Structures are given as structure tokens and as C-alpha cells.
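Accompanying notes for the structure given below.
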Amino acid sequence: MASIERVRFFKDNFGIIECSIDNIESGDLQTIGTNRNVVFTGNMATPEVGQIVKIKADYTEHPKFGPQYKIISMYAAIPIGASDEASKRKFLETLFTPLQVEHMYEVLPDPYATLEVNAVDNLCKVKGIGAYKAAEMVAKFRDNIGMAKIFTELADYNLTNKMVRRLMKAYNNSPELVIEMVTNNPYVLCRDVEGIGWARADAIALAGGIQRDDPKRIGAYILQYLDDAGKNGCSWITTDELLGGILENLGEDLSDEAITMGLRSIKDRLWVNDEETEVGLKKYRNVEQSIAEEVIRLRDAKSDFSLDGLEDTLTRLEGLQGWKYSKAQRDGIYTAMQNNITIIHGLAGTGKSTLVRALLEHCKHYSYIQTALSGRAAARMSEITGEEGSTIHRLLGFNNEGFEYNKENQLPYDIYIVDEISMPDAFLFRSLFQAIPSGSKVILLGDTGQLESIGCGNIAWDLIHCGEIPVVELTEIHRQAAKSGIITESIKVRHGEQLVPKDWAGEEVRGELQDLVIHGFSDASNTYYSVMQLVSTALQDKNINILETQVISPIKSRGGASCNLLNNAIQELYNPSSEKKKEFVNHSNGTDFILREGDKIINTANCYSLKTPIFNGNIGIIPYIDSDLMVVDFVGIGEVEIPRANWAGINLGYAITVHKSQGSQYDHVIFACDFSAYSLLSRELVYTAISRAKKKCDVVAQTGALRYAISRENVSKKQTHLQTCIHDICHPALVF
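Going by the working numbering, the sequence shown wraps up at 804, each residue one higher than the last.
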């Protein structure tokens, strides 16, 4: 229990307060100054001096402000309870099973009051509740009593039990803060609460009485519309497109005045061009402007790297490896040595790694680091130097406060090699570039034949085409790589060359290494059975590494080749139900499926709050699972404990989408392709899928779908600021 003695700072629900402590339930206490008060920081409802609160917090040392506590939860010590029977029962249903609540109401005149006064003896009269369970239920009631206040004061908002739990989690378990946020502006829930989009926030707001033409409602919709566009890679859209979206989704009867008022309510968060024909969120403009500034800073910095002895290094390496560098590779090595930042891109097998290896040999007295977005891509960089790389998050020292390495505390290396540059979004790129000191050498590696990135920005494309950064493009296939059917056939695909004739069916092996097999048929119903037959054959190898055997499909949830369908079937083959293995039903993105000890899984959501953060695309094996906790041994990370609240992002990983496979490679890839994924088919998708394979690739394809995909190029439709920002920095307009 604590009393608020002073409010140092409060804005936008973030506060810094000093409290005197009445009693401590657990832990040691750190005080400040001579008045013995304790400093707490974090999200909270509007604090008032003299208010009595209950706080749970972690001790931390701020580098500038010294010892303080970061708030985990904070709420009024004497909350207002539920005041009507419906609210009481609804609250109890958030804590206990429907059957337990039903049994309590059958026996007890007022179950809420029984729990409130700690009447354990009376609870024991209820079917299925013994002394231990009763004490446990009372403790749970006491710990969650604040939610009763939410159900009472927000009764008109039609909040579900699940919704209230999400709100409490998002707002530091403070019922006062939940109530304040919902009543002041329910639309902020889109921003703050996982799983709540604009439509759900709008339903809450309308239930609470907000008018359909309220500026808050219209402004919130515009922000959501532009944010969705940004997350899909369009930092801006046309004003005509925005207006069409408003009228289509909010109603064509909205007046011009209402739309204008909605825009005015959020004008400080909008970017609009001078002609007022383009509009987007400022945060997307700002992040791309920042990237442009960092890139030019790195490009123009003074550097002490030298060409002295480079020719001798290359001659020596040619003698050791038994072959000479191509002209393009030599030119690329010189370009990378002469410039602080260089982009090296080319299709699979064109020698990007060879070029980097030569550069590092010449610069062997300098320190270097290799990094990529995904753990598998980082691990694969060992092919260049013999040493594993680091994920970008691990390199930057990610923790719950952000990144340890940043603009003020930069990284200590001389050379930075960044692979798979089409994958990170704009915000992560900004963090990486800000943490690289001036004078460093930065090598950006990419494969422009792959699918473009998912998320905000189109960084690789924009940097390659901005005209201000040296670019090395490699097109010649290495002699050794030319023996691989995986390499030769994937490059044919990228160039739009068909792999099979029209109406072809059968099985054909490609490449001198015989490492690619095409299985073709006319009917899409064959896809599932052909994939499962190949999986079954692969699983007969007792030494199979399931982490190196990957089924890849264009689509997650529709058709016979969907990841969901294939995952369930492969699970039954590889890891069937057993009395020796615990299993639980998980729900993710509208789908129920079983997670079982021994399963291969993929994480599909960034979980920054875990003790060891995990990120979208991480793959691993479940060694242990129970009703509240799952342990996953992730590739490149190790074992991570995942509470039940974070299971929504965990999916079976035997079959994953092509997009999820980007940045990774596997010994054996089985690629499923048919017309069930019609709208997604493109040569970039097929190229990406095939080039994920290191040793063997089975292309299981409906012939017509494969030919259609190869004939169709996925032209980038992203609308971004980065090229303009770089141009404006390098060529500032004259002002008279």
C-alpha cells in the first residue's frame, strides 16, 4: 500500500510519482532522498496527491534519474466493487469456469459477497470446491477485484470477459486507467491493446454513446486506414483513395464538414504534400527521413580503410581457391573497399558470399559483425566466415526498454555485413543505422528476385534505386553453383523461363547434382497427397532433422495445399498423440489446433515482453508444455518460456508460407503450388520458395499454376518517401 505524495510528471497516461509506503507485501525497498519516498514510473490513470494505491513494480537504475521502480500494475487500494448482480456474475465469470460459477449460484445466496469476505467455509459447500481450492479462489478474487469496477462503470460498453483481460494487461492492471482510457476515447484501444482493431474499438465507442459523425470517430478511422497502409508498405496514399475509404466504410452520407473536422482532430499526426494530393502518417515520413539522414552520414564520413595490398590479396586468394574472380566480382570488391556503404545484390549462386569473403580477408585486422533479421539467416552467414552471425535484435541488445546500442551508445565494430536486406522494416533499419558509428564500412547484401518485404517501407528497393548509394549487381552464376538444379531452375524462374511445357505431367529430376525434382499434375486435388507422400518418405529416415525439412506453401488457410491442413497431417505422422506427451488446444487467427510436446512450431508475433524476446518467424521445438506455460527451444535463441497469454502467436511449423520462409534455408524443401493460391502466384514467389533449399528441393505443382506463376511478375506497388528524402538531402533546393 502506498500514498501518492508528489506528482513529478504526468502526460498521455505516463507518470512519474513519489510515494510513501504504508506496508510491503514482498521484496526489498529502495528509497530516495531524505524524505524516504519511493519513485515509481509507468502508465497510470491520472494520479492525485493523497491517493492510496496498491503497486506492483520492478526496481531499476535509470542512468540519469537514478533508482526508481517501473510499474507492473497500479490501482486504487480500495476499489469500488460491482454494484449489481449482473456485473457481479460477469466479473466472476472472468475468474472461474462457467460450471464453477453455476455451482456457486446454486448453493450460495451471494457468491460475490462470500468471496469478498473470505468465507472459505461457505465456499467449501459448493460442489467440487475443497479447502485448498476455496483458498485459491479467494486469493484470485482478491487479486482481480479491480476488474469488478470496470464491469460496473463500463456496463454500457458491452465489454466481454476476454476484452477486459486484454484491457487490464495493456494498462498495467489498473482498472482506473482502463476506465479513463475507454471513457475518454475508446479508439486509442486500437493503438494500445493487442487484438483490438478499429472495428472492435468502434463497436465499444458506439455502445458507449459516441455519434457516428463524431470527429473522434472519423479521425480514429483515418489514422487506422493510414496505419494499415503504412504497415503494408505504403507510407502515403492519394487523398482520393483516403476519401473513398472513408465514404465506403463510414457511410456515404457523411458530410464534408464532418470529414473536415475529423481530419482537423488528427492534423498533428498527418503528413500531407504541398499539393495536398498525397497523405500519410508523420511517423512513416519521419522514420524514412531519419534513415536517409543516417545513410548519408555513413556514406560521407571520413574512413581509414585502404586499397593498399588489395590486388595482392586477390591474387593470393585466387591461387588458394583455384579459380579467378570474374570482372564483376573484382569491380565489386574494389567498389566495396572504396566506399563506406555498398549494396551487393544478385540472384542465388552469383557469388555475393565470395565477394564478401575476399573483402574480409583484405580487412582481417579490422573487427566485423554479420547480422540479419532472422536467426536462420544469421546462422547461415557462417558460410562466409566460418562464424555465425547475429540477429539484428541481438546485435543491438534488445530489452524491454528498447535497444542497448543506439544513436547515443553506438556499436564497437569496424565492418557491418547485413544480409537479407529486403526483410527488415523501416523502424528496425533506422535503429540499426543509428547504432553504426561514422567511419564504419557497411555492406548490404540482398536478392532482389525474392518477394518484397512485408511491413512498413521498401528499404532495399529504395536504396538500390535512389542513385546515391554504390550498388554492385552480380549476374553470372558460379561454375560450382551451375551444377545445382536448385540454382539453375530458380534463376530460370526469376527470368520468366518456364520449367515445364503446357499440360505436362510426371516427375523430372533437374541439375547435375540431381537436387531438384519437379512433380507435375493437372488436378489440384493431387497437391495434398503428393506432398504427404514425400513427407512420409522423408520421415522414414530415422536420422531426419525436422528443423531442416520444411514444407512451404503460398497460402495459410485455404485449399488442399494450405499450411493449416498440411500442418495437422504432418503432425500426426511425425509427432502423433501419446500418453507420454502433454498437449493442449491452441487458438490462433481463428483456427484451433493441437500443440504437443515434441512439435515443431513457428512464432508469428513479436513478443518483446518475454524475459528472452522472440520475434516473428522464429522456429523451434516444444520440449515442455502445460496449461499455463510452454517452453520452446528456438533455433539461434535457445529455450524460452512462453506464458499462455502469448500462445496466440504460436503455430505449427511443419508447413509455413513462402513469406515466412524468407531469410531462411533448409536442407530439404517441399514446395506446394496450385491454383488455390491464385492471387498470390508470381515468379518471385516460386523463386523464393525454390531458393530456400540447400541440398534438395521437391516442387509439387499443378502444372497450370506453376506456369501461371512464372508468367506473372509481382511489380512493386509500394509508395514510400525514402528515395525523395535521400534526393532532397543530397540535392537541396535553392531558396531565394
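Idealized CB from N, CA, C, for every residue including glycine. Just so we're clear, the structure is a prediction, and the values are computed from it rather than from any experiment.
Have a look at the DSSP bridge pairing and note the partners of residue i.
| i | result |
| --- | --- |
| Lys668 | Ile689 |
| Glu129 | Pro135 |
| Trp391 | Paired residues: none, contrary to the question. |
| Thr725 | Ser621 |
| Ser656 | Thr659 |
| His587 | Glu575, Val768 |
| Lys124 | Ser141 |
| Ile485 | Gln438, Ile511 |
| Ser71 | Ser88, Ile120 |
| Glu651 | Arg664 |
| Lys79 | Phe82 |
| Ala761 | Tyr734 |
| Cys675 | Ile682 |
| Asn111 | Phe82 |
| Gly301 | Looking at the DSSP assignment, Gly301 forms no beta bridge with any residue, so it has no partner. |
Hey, residue i and residue j are a contact pair by Cβ (cut 8 Å); roughly how many whole angstroms apart?
| i | j | result |
| --- | --- | --- |
| Glu616 | Tyr734 | 5 Å |
| Val232 | Ile218 | 6 Å |
| Ala360 | Thr595 | 45 Å between Cβ atoms; not a contact. |
| His587 | Ala769 | 7 Å |
| Ile489 | Gln438 | Incorrect: roughly 13 Å between the Cβ atoms, too far for contact. |
| Lys610 | Gly579 | In fact, because the Cβ distance is near 27 Å, the residues do not count as touching under 8 Å. |
| Ala297 | Ile305 | 5 Å |
| Tyr225 | Gly301 | That pair is no contact at about 34 Å. |
| Ile620 | Arg760 | 6 Å |
Starting from residue i, follow the beta strand (DSSP E) in both directions and report where the run begins and ends.
| i | result |
| --- | --- |
| Ala740 | 734-741 |
| Ser88 | 82-89 |
| Pro166 | Looking at the DSSP string, Pro166 is not in any beta strand (DSSP E); the run it does join, the alpha helix (DSSP H), is 166-175. |
| Val521 | Just to set this straight, residue 521 is Ser in the shown sequence, not Val. Careful: Ser521 lies outside any beta strand (DSSP E) and carries neither H nor E. |
| Pro711 | 706-711 |
| Asp701 | 697-702 |
| Leu349 | 346-349 |
| Glu541 | 539-542 |
Give the straight-line distance between the Cα atoms of residue i and residue j, rounded to the nearest whole angstrom.
| i | j | result |
| --- | --- | --- |
| Thr114 | Pro254 | 17 Å |
| Ala757 | Asp530 | 24 Å |
| Val424 | Ile452 | 7 Å |
| Ile545 | Leu519 | 21 Å |
| Gln119 | Ala70 | 8 Å |
| Asn240 | Ile139 | 7 Å |
| Glu262 | Ala440 | 27 Å |
| Phe661 | Asn643 | 14 Å |
| Gln791 | Thr403 | 22 Å |
| Ala199 | Leu697 | 26 Å |
| Phe495 | Phe471 | 12 Å |
| Lys299 | Gly523 | 5 Å |
| Ser371 | Lys509 | 8 Å |
| Asn341 | Met491 | 28 Å |
| Leu191 | Met236 | 27 Å |
| Lys679 | His130 | 19 Å |
| Phe78 | Ile84 | 6 Å |
| Met142 | Gly666 | 39 Å |
| Ile705 | Ser677 | 16 Å |
| Arg76 | Leu749 | 57 Å |
| Val188 | Leu227 | 30 Å |
| Lys124 | Arg104 | 18 Å |
| Ser303 | Gln730 | 23 Å |
| Val175 | Leu183 | 13 Å |
| Gln608 | Glu557 | 28 Å |
| Ile148 | Met215 | Summary for Ile148: the model assigns pLDDT 45, below 50, so the residue's position carries little reliability; its value from the coordinates is reported in the next sentence. For Ile148 and Met215, the distance between alpha carbons rounds to 10 Å. |
| Thr383 | His430 | 11 Å |
| Leu311 | Leu322 | 11 Å |
Span of the alpha helix (DSSP H) holding residue i?
| i | result |
| --- | --- |
| Trp529 | 527-533 |
| Leu160 | 153-163 |
| Asp324 | 324-332 |
| Glu316 | 307-318 |
| Val340 | Element bounds for Val340: not the alpha helix (DSSP H) but the beta strand (DSSP E), 338-340. |
| Ile794 | 790-798 |
At a cut-off of 6 Å, would you count residue i as near the ligand NAD, judging by its Cβ distance to the nearest heavy atom?
| i | result |
| --- | --- |
| His413 | The ligand NAD is not part of this structure, which contains no ligands at all. |
For the region 405-457, which segments carrying the beta strand (DSSP E) assignment without a break, of at least 3 residues, lie completely within its bounds, in sequence order? Complete beta strand (DSSP E) runs here, min 3: 409-414, 436-440.
Those runs of the alpha helix (DSSP H) which lie wholly inside the region 228-299 and span at least 4 residues: Qualifying alpha helix (DSSP H) stretches, in chain order: 229-238, 243-252, 257-260, 266-275, 283-299.
Which whole runs of the alpha helix (DSSP H) in the region 588-614 are 4 residues long or more, in chain order? Entirely contained in the region 588-614, the alpha helix (DSSP H) runs reaching 4 residues are, in chain order, 594-607.
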